[in-house]
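Working notes for the structure below.
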Amino acid sequence: MKYTDAHCHIFSAPAGNITGQVCNATTAADWGKLVQNADDRTHVCIGIHPWYIDSVTPDWADCMREILLSNPQIMVGEIGIDKYHPDIDRQIEFFAQQIEIAIEMNRPTHLHCVGAWDKVLHILKGHGPRIPIIAHAFGGNTAIMTALAEYNTYFSYGMRGDHIADTAKIAPVDKILVESDSDTSTAQAEILATATREIAKLRGCDVRELNEQINKNFTGVINYAG
Numbered sequence: 126m127k128y129t130d131a132h133c134h135i136f137s138a139p140a141g142n143i144t145g146q147v148c149n150a151t152t153a154a155d156w157g158k159l160v161q162n163a164d165d166r167t168h169v170c171i172g173i174h175p176w177y178i179d180s181v182t183p184d185w186a187d188c189m190r191e192i193l194l195s196n197p198q199i200m201v202g203e204i205g206i207d208k209y210h211p212d213i214d215r216q217i218e219f220f221a222q223q224i225e226i227a228i229e230m231n232r233p234t235h236l237h238c239v240g241a242w243d244k245v246l247h248i249l250k251g252h253g254p255r256i257p258i259i260a261h262a263f264g265g266n267t268a269i270m271t272a273l274a275e276y277n278t279y280f281s282y283g284m285r286g287d288h289i290a291d292t293a294k295i296a297p298v299d300k301i302l303v304e305s306d307s308d309t310s311t312a313q314a315e316i317l318a319t320a321t322r323e324i325a326k327l328r329g330c331d332v333r334e335l336n337e338q339i340n341k342n343f344t345g346v347i348n349y350a351g
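Counting the sequence shown from 1 gives a position; our numbering is that position plus 125.
Here's what the structure looks like:
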């Protein structure tokens with residue numbers, strides 16, 4: 126089967142049976158290389174990961190806008206809030222600012238959230254985005270899934286050890302994505318195949334049909350034009 130990878134950090138071509146991958150930045154230092162690497166199989170996001178907010182220069186937001194304006198196919202990510210990393214107030218500030226830029230530029234946005242869904246939802250509610258939000262490595266509960274569904278959210282699942290998050294069983298089938306979250310293509314295809322197979326088991330559905338739907342969902346995100 127052919128697969129798509131909704132979230133990775135691979136700065137090279139994907140594995141041979143992967144028709145598309147989304148490579149996310151973590152710092153502004155990644156942005157230039159990602160722009161150069163973008164092609165018909167590697168789709169890229171630029172953003173400041175909440176772990177690396179101290180790496181920015183004062184002009185980071187202007188640089189982000191400039192790159193997005195010059196590259197209408199580029200998305201925003203990986204951005205978000207992580208309760209278990211320092212400077213939570215600054216994380217919130219950076220996340221809110223990058224969401225504003227994503228809405229301004231009308232770009233899909235790849236979200237990192239750990240233990241801070243209340244804060245993320247508060248910011249999303251304040252901005253009311255209708256751009257696609259990709260909840261990377263989604264680990265929230267059913268209530269969080271329901272709340273996020275109001276914001277055109279896709280739920281991206283990867284392997285957690287040897288299992289998939291339980292919400293994959295009830296996620297809207299037209300909003301499911303799979304990801305490797307890998308920085309190398311060595312095991313990329315195996316991770317995606319395993320994740321797809323485990324979701325199909327949870328849902329009690331045919332794995333090939335599910336994979337086709339996931340690939341369709343992926344295409345919808347990367348071709349978004351709101």
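Note that the Cβ used here is the ideal one computed from N, Cα and C, for glycine as well. Remember, it's a predicted structure, so these values are computed and weren't measured experimentally.
Cut-off 7 Å between Cβ atoms - residues of its own chain near residue i, not counting five sequence neighbours on either side
i: I228; result: H252, P254 and I256
i: E315; result: none
i: V332; result: T321, R322 and A325
i: S137; result: S310
i: W156; result: A150, I171 and I192
i: L327; result: I289, A293 and K294
i: N196; result: V160
One or two residues paired with residue i in a DSSP bridge
i: G123; result: The structure shown has nothing for residue 123, since the chain only spans 126 to 351.
i: D308; result: None; D308 has no bridge partner.
i: Y128; result: I143
i: T167; result: Q146
i: L335; result: Beta-bridge pairing links L335 to no other residue.
i: L302; result: S281
i: C133; result: C148
i: M189; result: In DSSP, M189 forms no bridge with anything.
i: V346; result: Answer by DSSP bridge pairing: none, since V346 is not bridged.
i: V201; result: I171 and T234
Spatial distance of residue i from residue j (CA atoms)
i: H168; j: G329; result: 31 Å
i: R285; j: T309; result: 18 Å
i: T129; j: I339; result: 8 Å
i: T152; j: N162; result: 16 Å
i: Y276; j: I259; result: 10 Å
i: Q146; j: C133; result: 7 Å
i: Q198; j: A131; result: 15 Å
i: G264; j: L194; result: 32 Å
i: D187; j: Q223; result: 11 Å
i: S281; j: W242; result: 16 Å
i: W185; j: E334; result: 42 Å
i: Y347; j: M230; result: In the sequence as presented, Tyr is not what sits at residue 347; that position holds Ile. Whole-angstrom Cα-Cα distance: 14 Å.
i: E218; j: M189; result: 16 Å
i: D291; j: I226; result: 32 Å
i: F220; j: I206; result: 7 Å
i: I269; j: G240; result: 11 Å
i: A318; j: K250; result: 35 Å
i: K341; j: A350; result: 15 Å
i: I213; j: K244; result: 10 Å
i: Q216; j: I178; result: 7 Å
i: S305; j: T144; result: 14 Å
i: T352; j: P183; result: Since the displayed the chain opens at 126 and closes at 351, residue 352 lies outside it and no answer follows.
DSSP three-state assignment for residue i, whether helix, strand or coil
i: I206; result: strand
i: V181; result: coil
i: G329; result: coil
i: N340; result: helix
i: D212; result: coil
Spatial neighbours of residue i in its chain, beta-carbon cut-off 6 Å, leaving aside the 5 residues before and after
i: A272; result: L246
i: A140; result: S310, Q313 and A314
i: R232; result: M200 and V201
i: M126; result: N336
i: S180; result: T152
i: A296; result: F280
i: V298; result: Q338
i: Q176; result: Rather than Gln, the amino acid found at residue 176 in this sequence is Trp. Hits under 6 Å: H210.
Contacting residues, own chain, Cβ-Cβ under 8 Å from residue i (five flanking each side not counted)
i: E203; result: H132, N149, A150, T151, C170, G172, H174, H235, L236, H237 and H261
i: H288; result: E323
i: K208; result: V239, G240 and A241
i: V303; result: Y128, T129, D130, A131, S281, Y282, G283, L317, A320, T321, I324 and I339
i: N142; result: M126, K127, Y128 and A314
> Which parts of the stretch 225-300 are runs of the alpha helix (DSSP H), unbroken and 4 residues or longer, counting only runs that do not cross its ends?
Replying inline: At a cut-off of 4 residues, the continuous stretches assigned as alpha helix (DSSP H) that sit fully inside the stretch 225-300 are 242-252 and 267-273.
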